[in-house]
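Protein chains in written order, with this note's numbering: chain R, 1 to 250; chain L, 251 to 511. Glycine residues also receive a C-beta, built at the ideal position from the N, C-alpha and C atoms. Here the structure is laid out as structure tokens; the discussion comes afterwards.
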Amino acid sequence: MTGFLETLGLAESATLLSLSAPGWGGNLLRGLANSLQIAFGAYGLGLLIGLFGAYGKLYGGKVTRDLLAIYTTVIRAVPELVLILILYYVGTDLINKLSSAMGGGRVEINGVAAGIWVLGIVQGAYATEVLRGAIQAVPPGQIEAARSYGMPAFMTMRRVTIPAMMSFAVPGLANLWLIATKDTALLAVVGFNELTLETKQAASSTRAYFTFFLAAGFLYLMVTLCSGAVFARIEKWARRGQPSLKGGTR
Amino acid sequence: MTGQERTGIKDLFQPHRIVLMLLFTALVIWCALSLRWDWIPKYAPLAAQGLWTTVWILVVSTTLGFLLAVPLGLAQAVGPWYLSAPARAFCTVIRGTPLLLQIWLLYYGLGSLFPQFPWIRSSELWPYLRQAWPYAVLALTFSYAGYEGEVMRGAFSGVAKGQLEAAKSFGMPRFTMFRRIWLPQAVRNVLPTLGGETILQLKATPLVATITVVEIYAVSSRVRSDTFIVYEPLLLLAVFYMAIAGLITLAFRRFETRVGP
Chain R
1 MTGFLETLGL AESATLLSLS APGWGGNLLR GLANSLQIAF GAYGLGLLIG
51 LFGAYGKLYG GKVTRDLLAI YTTVIRAVPE LVLILILYYV GTDLINKLSS
101 AMGGGRVEIN GVAAGIWVLG IVQGAYATEV LRGAIQAVPP GQIEAARSYG
151 MPAFMTMRRV TIPAMMSFAV PGLANLWLIA TKDTALLAVV GFNELTLETK
201 QAASSTRAYF TFFLAAGFLY LMVTLCSGAV FARIEKWARR GQPSLKGGTR
Chain L
251 MTGQERTGIK DLFQPHRIVL MLLFTALVIW CALSLRWDWI PKYAPLAAQG
301 LWTTVWILVV STTLGFLLAV PLGLAQAVGP WYLSAPARAF CTVIRGTPLL
351 LQIWLLYYGL GSLFPQFPWI RSSELWPYLR QAWPYAVLAL TFSYAGYEGE
401 VMRGAFSGVA KGQLEAAKSF GMPRFTMFRR IWLPQAVRNV LPTLGGETIL
451 QLKATPLVAT ITVVEIYAVS SRVRSDTFIV YEPLLLLAVF YMAIAGLITL
501 AFRRFETRVG P
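Structure (structure tokens):
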């Protein structure tokens, strides 16, 4: 193995990327774990906000609808980086105010929690639009039928709307997940140790920029490709029993 | 955004909207009066310069990116495998990795590689290669081309076959056919998507501030670190971006109605 790597001239890179002490592979994987943790959390929070947002936009009162329209428009028009900074400062300020009101001192904000909070709110805006479109694509007769049976609103949502809208929502939600994984890289700018920042630190302390950035790119690409495969299965599951669409699913 | 909720003037003056607008005006007035804006005159020239850099980078990278996306889309839609496979690989890699990583790879990677070659150091291009903006433009161009290559692939294969056959039966040369029939129809079909992607591109521009390009986001960070004023520059920055996004939306909408079916 070592001989093979040496003939390729990759021995140095292999040492740098190895998991044990001289190598930085462990740091990179830790960063990846952090990134994925935040992506999962933010995606979940985003889906929750998106579900409420979509229902609010479709069935809410006039004021709710207008406020949600402002939320989705503003979030989608302002760069994520700016939103992350604003939400980060607002979040830390609020928590510190709360803590000092309750007689505590300054609170050290957990990076993972902060990341989930800021990316979740950003994801929520996009998820609102995806889910709203999907709910609208459900034939209204199905929801009306559920209502005419006297099904309570929550049960209608759980038994009729959500299963029926899944096939319309999954492609958009798959895209959102990919955006979530890639947006975690932006947290590097506020100094959170996710994959991209770990990579940059490793690269600048060893001066092997290409090695580390390409390795990190490979890790991100693996996440993307694996998620693609998983979402393809989910979509197949969500579309079960429906006639297949010609022209490929993406 | 979709234009489906296009509102007339009458809709704007429903009672609840008037209340919301009054609340919003009150909020703006409160912001104007009680927040600190005294730093603006000092940083205005720098901000104008930064705004110009943002717009400039956006325009150049979307134009070049689109020019690169057309062959990428074409190769994927109808090209032989030795063209379509690399094009697909390029699009997958660009779309599968974060833009920030790509920018850093190009800037730090190439930036540390180039000085090792004496002929690059002595070339005419060296004064440019030492600066950050060529890497920023390159990374953003690649990114736009990667996403748009995918869009154009669908657009090219979406043009009705009959149109191309008709052109062929007229004896139109292949390039003329591409220029007059295929490309215009493909672009027209995806104009709304392109508009959305251009706004995404606008939102990607602040990332180049991390490699020392001084655009509008970098100016706001500068204000923050100089004066310790946190929210005001960020709020103003958000307003700037919303204004540019609004202008892009308007421009694309006008363009769509002009060339629309």
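| query | Would DSSP call R:Asn34 helix, strand or coil? | reply | helix
| Which chain R residues sit within Cβ distance under 9 Å of L:Ala488? | Val74, Ala77, Val78, Pro79, Val82, Leu83 and Ile86
| Under a three-way DSSP split, which group does L:Trp287 fall into? | coil
| request: Look at the alpha carbon of L:Thr252 and the alpha carbon of R:Gln201, and state the distance between them as a whole number of angstroms. | output: Because the pLDDT at L:Thr252 is just 42, under 50, the model does not fix this residue reliably, and the point stays unresolved.
| query | For R:Met165 versus R:Ile135, is the C-beta spacing smaller than 8 Å? | reply | yes
| message | Under 8 Å, with one C-beta from each stretch per pair, do the stretch 46-56 of chain R and the stretch 91-98 of chain R reach the 3-pair mark? | response | no
| said: At a CB distance below 8 Å, what residues from the stretch 33-52 of chain R approach chain L? Give them in sequence order. | reply: none
| query | L:Ala337 and L:Gly329 look like a contact to me (Cβ under 8 Å); what is the Cβ gap, rounded to whole Å? | reply | 7 Å
| field | CB contact flag (L:Ile449, L:Ile498, <8 Å) | value | yes
| task | Would you identify the three-state DSSP class for L:Gly496, choosing helix, strand or coil? | result | helix
| message | Count Cβ pairs between the stretch 350-360 of chain L and the stretch 455-462 of chain L that sit closer than 8 Å; are there 3 or more? | response | yes
| message | Please report whether the beta-carbon of L:Ala495 lies at a distance below 8 Å from any beta-carbon of chain B. | response | The chain inventory of the structure shown lacks chain B, comprising the protein chains R and L.
| Whose C-alpha, out of L:Arg508, L:Val320 and L:Ile431, is nearest the C-alpha of L:Gly412? | L:Ile431
| message | Below 9 Å on C-beta distance, what does L:Ile449 contact in chain R? | response | Arg76 and Ala77
| Do three or more CB pairs link the stretch 370-384 of chain L to the stretch 290-298 of chain L at distances below 8 Å? | no
| Is R:Ala42 near R:Gln123, with beta carbons less than 8 Å apart? | yes
| query | Looking at C-beta atoms only, is the number of pairs between the stretch 421-436 of chain L and the stretch 264-277 of chain L that lie closer than 8 Å three or more? | reply | no
| task | Please go through the same chain and pick out, in chain order, the residues whose beta-carbon is closer than 6 Å to the beta-carbon of L:Leu301, but skip the five residues on each side of it. | result | Ile466
| query | When you compare only the Cα positions, how much space is there between L:Trp280 and L:Ile268? | reply | 18 Å
| message | Is L:Ser362 close to chain R? Criterion is C-beta to C-beta, closer than 8 Å. | response | yes
| query | Can a CB atom of chain L be found closer than 8 Å to the CB of R:Gly217? | reply | yes
| request: With 8 Å as the threshold, decide whether the Cβ of R:Lys182 is near any Cβ in chain L. | output: yes
| message | Considering only the alpha carbon of each residue, which of R:Arg233, R:Ala174, R:Glu80 and R:Ala146 lies closest to R:Gly120? | response | R:Glu80
| request: Taking only runs that begin and end inside the stretch 310-353 of chain L, name each unbroken alpha helix (DSSP H) of 4 or more residues, in chain order. | output: 331-346
| message | According to DSSP, is R:Pro140 part of a helix, a strand, or is it coil? | response | helix
| request: Could you list the residues in the stretch 455-479 of chain L with a C-beta less than 9 Å from some C-beta on chain R, going in chain order? | output: Thr455, Pro456, Leu457, Ala459, Thr460, Tyr467, Ser470, Ser471 and Arg474
| request: Pick helix, strand or coil for L:Glu374, following the three-state DSSP scheme. | output: coil
| request: Return the chain-ordered list of same chain residues with a C-beta closer than 6 Å to the C-beta of L:Ala389, the five sequence neighbours on each side being excluded. | output: Gln352, Ile353 and Leu356
| query | To which residues of the same chain is R:Gly248 closer than 7 Å at the C-beta, ignoring the five residues directly before and after it? | reply | Low per-residue confidence applies at R:Gly248: pLDDT is 45, beneath 50, and the placement is therefore not dependable, though the value from the model is reported in the following sentence. Around R:Gly248: no qualifying Cβ.
| query | Taking the alpha helix (DSSP H) that R:Leu165 falls in, what are its first and last residues? | reply | Checking the sequence, you will find Met at residue 165 of chain R rather than Leu. That run of the alpha helix (DSSP H) goes Ile162 to Asp183.
| field | Close beta carbons around R:Thr211, own chain, < 6 Å, minus the five adjacent residues each side | value | Ser13 and Leu16
| query | Grouping DSSP H, G and I as helix and E and B as strand, with all else coil, what is R:Asn110? | reply | coil
| said: For L:Lys260 and R:Val170, I'd like the C-alpha separation in whole angstroms. | reply: 37 Å
| task | My understanding is that L:Ala454 touches L:Leu349, with C-beta atoms under 8 Å, so please give their C-beta distance in whole angstroms. | result | 6 Å
| Reference R:Leu29; option with closest CA among R:Ala146, R:Phe218, R:Glu235 and R:Ala232 | R:Phe218
| said: Residues of the stretch 108-137 of chain R in Cβ contact with chain L at a cutoff of 9 Å, in chain order, please. | reply: Glu129
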